[in-house]
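Novice: To start, I am sharing the structure in question, which I have written as structure tokens.
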Amino acid sequence: MRNLSISWLQVRLCLDRQDYVRAQILSRKISPRVFDADTSKDKRKPKEGDNMVQEAPADVPSLLELKRIYYELMIRYYSHNNDYLEICRCYKSIYEIPSIKEDPAKWTPILRKICWFLVLAPHDPMQSSLLNATLEDKNLSEIPNFRLLLKQVVTMEVIQWTKLWEFFKDEYENEKNLLGGALGTKAAEDLKLRIIEHNILVVSKYYSRITLKRLADLLCLSLQGGREAYLGHGELKGPDCEDRQTDGDRVLPDSPGQQRGA
1 MRNLSISWLQ
11 VRLCLDRQDY
21 VRAQILSRKI
31 SPRVFDADTS
41 KDKRKPKEGD
51 NMVQEAPADV
61 PSLLELKRIY
71 YELMIRYYSH
81 NNDYLEICRC
91 YKSIYEIPSI
101 KEDPAKWTPI
111 LRKICWFLVL
121 APHDPMQSSL
131 LNATLEDKNL
141 SEIPNFRLLL
151 KQVVTMEVIQ
161 WTKLWEFFKD
171 EYENEKNLLG
181 GALGTKAAED
191 LKLRIIEHNI
201 LVVSKYYSRI
211 TLKRLADLLC
221 LSLQGGREAY
231 LGHGELKGPD
241 CEDRQTDGDR
251 VLPDSPGQQR
261 GA
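Quick note, the sequence shown lines up with residues 1 to 262 if you use full-length UniProt numbering.
So, in structure tokens, the structure goes:
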């Protein structure tokens, strides 16, 4: 336990000095699995060679307190390069600490942060899995605006960025108590980018061809912005995009004999 305490102090010192390379190296000395140990269930005298976490001395934080400290430090580390998914996973680990999950005053702000960083994280299987798991959390009903935010992201419908930003702007700007710093301009730009990526995925589901003008309208962008978004997200396998002004989109049918309007 004392070794854990020394390790996190070393990591914190490196982060304070903005020595992120050394902070990462030192953080690897701490295995997150050690925080899952439950010393209360096994009071037998350990045998030689047993890998057990001993009860903390009076001057050393408890195991769960060390867990919280560790993940708070890792949030600071991942924040320096805006690794939103890892930040989210760290907050998720803090959220699961019993003393936090049993106290609404503690878990509510953490669950809000989990939601923000889920939406900020690029779409991939792990992000999708965490997002759906969070939507099943009963506590989310206590912060309905954030449940709505996650529901919008998982629903295959175009999200109007201007309307979403108008609705959530105050919530976003009030989210200041973050370990890596308040959500700022960079995160706001990334949030818009995530919505654009979501919308391109939606468009690719319903359209086989689309005009640049129509795509830009759906993405709430200028023609130039629409072109850049399309070219910049080719890996999302969007529809063929025609650079012309007429709205002659050809739409994939929802079912045989039926077509969905633009």
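Backbone N, C-alpha and C fix where the C-beta goes; we use that ideal spot for every residue, glycine too.
Remember, it's a predicted structure, so these values are computed and weren't measured experimentally.
Within its chain, find whatever has a CB closer than 7 Å to the CB of I100; leave out the 5 residues flanking it on each side and keep chain order.
Specialist: Annotation for I100: I94, K106, W107 and I110 place their beta carbon closer than 7 Å to its own, counting only its chain and skipping 5 residues before and after.
Novice: Is the separation between the beta-carbon of S84 and that of L120 shorter than 8 Å?
Specialist: Correcting the residue identity first, residue 84 is Tyr in this sequence and not Ser. Closer than 8 Å, so yes.
Novice: Using 8 Å as the threshold, is the segment 66-73 in touch with the segment 25-39, meaning 3 or more CB pairs across them?
Specialist: yes
Novice: Under DSSP, the beta strand (DSSP E) around S208 begins and ends at which residues?
Specialist: According to the DSSP assignment, S208 belongs to the beta strand (DSSP E) that extends over Y207 to T211.
Novice: Restricting to Cα atoms, I'd like to know which of N174, W116 and H123 is closest to residue 263.
Specialist: Look at the range of the chain in this structure, 1 to 262, and you will see that residue 263 is not part of it.
Novice: Which term fits E235, buried or exposed, when burial requires 16 or more other beta carbons within 10 angstroms of its beta carbon?
Specialist: Confidence at E235 is low in this model, with a pLDDT of 49, below 50, so the placement of that residue should be treated as unreliable; the coordinate-derived value is given next. By the 10 Å Cβ count, E235 comes out exposed.
Novice: Could you say if the segment 134-150 and the segment 196-213 meet the contact criterion of at least three C-beta pairs nearer than 8 Å?
Specialist: no
Novice: Within the same chain, show all residues whose beta-carbon is closer than 8 Å to that of D137, passing over the 5 residues directly before and after it, in chain order.
Specialist: L111
Novice: DSSP on Q18, reduced to helix/strand/coil?
Specialist: coil
Novice: Determine, using beta carbons only, whether T134 and I159 come nearer to each other than 8 Å.
Specialist: no
Novice: What number of angstroms, rounded off, separates the C-alpha of N199 from the C-alpha of D36?
Specialist: 39 Å
Novice: Comparing C-alpha positions only, which one of R12, Y207, R194 and P104 sits nearest to L118?
Specialist: R194
Novice: Ordered along the chain, which non-local residues of its own chain (more than five positions away) have a Cβ less than 6 Å from that of Y91?
Specialist: I110, K113 and I114
Novice: Can you list, in chain order, the residues of its chain with a C-beta nearer than 7 Å to that of L218? Leave out the 5 residues immediately preceding and following it.
Specialist: V158, N199 and V203
Novice: Which residue from D16, K169, G184 and V154 puts its Cα closest to that of E197?
Specialist: V154
Novice: Tell me where the alpha helix (DSSP H) around V153 begins and ends.
Specialist: In the DSSP assignment, V153 falls within the unbroken alpha helix (DSSP H) covering P144 to V154.
Novice: Does D190 come out as helix, strand or coil in the three-state DSSP assignment?
Specialist: In the three-state scheme derived from DSSP, where H, G and I count as helix and E and B as strand, D190 is classed as helix.
Novice: Whole angstroms are fine: how far does the CA of L150 sit from the CA of S128?
Specialist: 11 Å
Novice: When DSSP labels each residue in this structure, what does K29 get in the three-state scheme?
Specialist: coil
Novice: Taking the Cβ atom as the reference point for each residue, do S27 and Y77 lie within a distance shorter than 8 Å?
Specialist: yes
Novice: Looking only at its chain, what residues have a beta carbon closer than 7 Å to the beta carbon of V11, apart from the 5 residues adjacent to it on each side?
Specialist: A23, L26, S27 and L73
Novice: Are the CB atoms of L183 and E175 within a distance shorter than 8 Å?
Specialist: yes
Novice: Report all residues from its chain with a CB closer than 8 Å to the CB of T162; omit the five preceding and five following residues, and keep chain order.
Specialist: C220
Novice: Tell me whether G226 is buried or exposed, calling it buried when 16 or more other Cβ atoms sit within 10 Å of its Cβ.
Specialist: buried
Novice: Under three-state DSSP, which class holds L201?
Specialist: helix
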